[in-house]
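Colleague:
Residue numbers (the numbering used here): 108 to 249.
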């Protein structure tokens, strides 16, 4: 999700006429549309990506290759290029069978359905057990 987040941020910046670190991948994708709707959405995604990069570093003991791309995206950010500075509702990018009025619940069900789910033993979210019936890989924690 780190690479995908950087691609979404880059797509928004490219659509604004800037020279982002990555090429645009799908400007009409629901996640790209959401990130482009407001400065707050864009920065929320950037901060989430920053947290994922920090988690990656903690788990694997190295810096993710996208860290530099994220820094460039944040440096190019200008709130004045967005239609609003207020957050807008998250757009769901998943099959309809997982969708509900609650985006958190929708994404939990969606991610729990993934065939290659794996978590460090000390990082398994409690909700995984609510929605997952198939076994998943547990990685040794530190």
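Glycine included, each C-beta is placed from N, C-alpha and C at the ideal position. As the structure is a computational prediction, the values presented were derived from the model and not from experiment.
Which two residues bound the contiguous beta strand (DSSP E) that contains residue 211?
Modeller: Per DSSP, residue 211 belongs to no beta strand (DSSP E); it is in the alpha helix (DSSP H), 210-219.
Colleague: Give the C-beta separation of residue 109 and residue 159 to the nearest angstrom, bearing in mind that I take them to be a contact with Cβ-Cβ under 8 Å.
Modeller: Residue 109 to residue 159, Cβ: 5 Å. Contact.
Colleague: Using 8 Å for Cβ pairs, my map puts residue 239 next to residue 224. What's the rounded Cβ distance?
Modeller: Rounded, the Cβ-Cβ distance is 7 Å, consistent with contact.
Colleague: State the start and end residues of the unbroken beta strand (DSSP E) segment that holds residue 246.
Modeller: Where residue 246 is concerned, the enclosing beta strand (DSSP E) stretches over 244-246.
Colleague: Assign residue 227 to one of three DSSP states: helix, strand, or coil.
Modeller: Reduced to three states, the DSSP call for residue 227 is strand.
Colleague: Kindly indicate which three-state DSSP category residue 159 falls into: helix, strand or coil?
Modeller: Helix.
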